[in-house]
Amino acid sequence: MSTPCLIWRFGRHPFSSTELRRHIVSIGNNGVLRPGGSYGTTRHDVEDIFARDFPALTAGWKRKRLLLYAHGGLVDEASAVQRVAEYRTELLKAEIYPLAFIWHSDMFTTITNILTDAMRKRRSEGFLDDSLDFMLDRLDDALGPVARLAGKPLWSEMKQNALAAGTGEEGGARVVLEQINGLPADVEIHIVGHSAGSIFHAPVVEGLAKTGRPIKSCILWAPACTTALFKQSYLPSIDSGHIGRFTLFTLNDKAEQCDNCARIYNKSLLYQVSNAFEAWPHIPLFKDGVPLLGLERCIESDSRLRDLFSGKNADWVRAPNDLKDSPCDYSTARHHGDFDDDQATVRATQARMLGKTELKGEFSFEVTKSSSRRRRANLSR
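Each number in my numbering comes from the position in the sequence shown (counting from 1) with 127 added on.
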């Protein structure tokens, strides 16, 4: 890896870019490997990770575990890299090797601009009056059609890039899958995805199923994938046992409706995606939006999914909860973007990968650019 070594400090621990690059696969447009930048990745770099870095760092481990992680759709590159640095130390101590797909999906600024423009247009049409206390649900219904015009094409493009990483001939995730095929059979594979990371991982799960490589655990945080994509890509592997244990973390519907997008849309990102950015829009009093796996109401209204989570090899954790005495089920996430740096959620995820009910140590999280934007928005509500 020829990129100059840079020193980054995240929390109490400095990391060199060389150290972090051992845990990063950078994905660019159309899902292909992105060679440029501080954390650019070539095919040769991926080969080095599996031929040199993974064996070196896992030497002497009692059990070797490879974690494939895909972040959400509102995360910029710097925040995604910071999160890898924060996960790295504790995961390696626990004999889990994290490999993160950094897939340049930051849509926060774009969504903010879309919603701001939608609000401005509605005001100019006389729909909104600042002197009135409008019902927030009606305001969201009014913003939806305007936001959809600009938001749906961008969301569709992001989904296409995510899926192409695992399906395209030169897809970055596909390159990683080729290397996984060469790992010893006793190396455990674990998958974690946040929000749109569930879309990214869909072809990864299918690819591993085709080669017969078992997935020890698959954990999705507030997934933004449709229930249809989940049933197509994940469910067959859960039903067959190819995924040893599946866990879903979501907000409860009350928390979902108390969340917001950019302080303008008065529900969570998943509501915005379901109602405005997916295949068909929400039409008030007539038609719901597209069902998403991360929305509690969509699961509860789907008999197939209800049956799944009443079975033996799938768990559903709803947040926030106060299950401190059940570390594998504890989550204090209150907003869509909280899951990846919520101490309880990340520790519960680690416990599930290890098959343990108690853990030592904690993750050290700093406020990322993405987290800071989210927290400012929540404080301003």
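C-beta atoms are modelled at their ideal positions from N, C-alpha and C, and glycine is treated no differently.
Just so it is clear, the structure is predicted and the values come from calculations on it, not from any experiment.
Which of helix, strand or coil DSSP assigns to residue i
i: residue 305; result: helix
i: residue 466; result: helix
i: residue 341; result: coil
i: residue 326; result: helix
i: residue 319; result: strand
i: residue 203; result: coil
i: residue 313; result: coil
i: residue 370; result: strand
i: residue 223; result: coil
i: residue 348; result: strand
i: residue 262; result: Residue placement at residue 262 is flagged as unreliable, the pLDDT there being 38, under the threshold of 50; the coordinate-derived value follows with that caveat. Of the three classes helix, strand and coil, the one that applies to residue 262 here is coil, per DSSP.
i: residue 478; result: helix
i: residue 456; result: helix
i: residue 377; result: strand
i: residue 419; result: strand
i: residue 488; result: coil
i: residue 186; result: coil
i: residue 428; result: coil
i: residue 149; result: coil
Reference residue i, options the options, closest by Cα
i: residue 372; options: 359, 423, 160 and 436; result: 436
i: residue 167; options: 287, 459, 399 and 299; result: 299
i: residue 285; options: 303, 452, 200 and 221; result: 200
i: residue 170; options: 469, 352 and 296; result: 296
i: residue 306; options: 417, 365, 440 and 175; result: 175
i: residue 180; options: 196, 145 and 475; result: 145
i: residue 348; options: 157, 196 and 165; result: 196
i: residue 308; options: 324, 342, 287 and 323; result: 342
i: residue 287; options: 440, 475, 326 and 494; result: 326
i: residue 510; options: 489, 365 and 384; result: As shown, the chain starts at 128 and ends at 508. That puts residue 510 outside it, with no answer to give.
i: residue 154; options: 204, 480 and 353; result: 204
i: residue 338; options: 491, 448, 310 and 165; result: 310
Whole-Å CB distance - residue i paired with residue j, under 8 Å assumed
i: residue 150; j: residue 215; result: 6 Å
i: residue 466; j: residue 321; result: 6 Å
i: residue 376; j: residue 484; result: 17 Å between Cβ atoms; not a contact.
i: residue 379; j: residue 446; result: 7 Å
i: residue 407; j: residue 417; result: 6 Å
i: residue 281; j: residue 224; result: Actually they do not touch by this definition, with Cβ atoms about 34 Å apart.
i: residue 404; j: residue 220; result: Incorrect: roughly 39 Å between the Cβ atoms, too far for contact.
i: residue 351; j: residue 419; result: 6 Å
i: residue 198; j: residue 324; result: 6 Å
i: residue 173; j: residue 302; result: 5 Å
i: residue 493; j: residue 213; result: 7 Å
Contact test: residue i Cβ vs the ligand ZN heavy atom, cutoff 8 Å
i: residue 184; result: Questions concerning the ligand ZN fall outside what the structure shown contains, since it holds no ligand whatsoever.
Span separating the alpha-carbon of residue i from that of residue j
i: residue 454; j: residue 276; result: 43 Å
i: residue 457; j: residue 340; result: 29 Å
i: residue 283; j: residue 429; result: 24 Å
i: residue 358; j: residue 147; result: 34 Å
i: residue 395; j: residue 187; result: 44 Å
i: residue 222; j: residue 433; result: 34 Å
i: residue 367; j: residue 336; result: 10 Å
i: residue 425; j: residue 444; result: 15 Å
i: residue 364; j: residue 422; result: 21 Å
i: residue 392; j: residue 381; result: Any reading at residue 392 must be qualified, since the residue scores a pLDDT of 49, below 50, and its modelled position is unreliable; no value is offered.
i: residue 474; j: residue 156; result: 32 Å
i: residue 208; j: residue 152; result: 11 Å
i: residue 344; j: residue 360; result: 15 Å
i: residue 438; j: residue 431; result: 11 Å
i: residue 593; j: residue 415; result: In this structure the chain extends from 128 to 508, so residue 593 is not present and cannot be described.
i: residue 427; j: residue 468; result: 27 Å
i: residue 487; j: residue 318; result: 22 Å
i: residue 182; j: residue 143; result: 19 Å
i: residue 477; j: residue 374; result: 12 Å
i: residue 451; j: residue 440; result: 22 Å
### Cβ contact (3+ pairs, closer than 8 Å) linking the region 326-334 and the region 283-297
yes
### Inter-stretch contact (C-beta, 8 Å, three-pair minimum) for the region 220-231 and the region 151-161
yes
### Query
Just checking, does the region 186-199 make contact with the region 307-314 on the three C-beta pairs under 8 Å criterion?
yes
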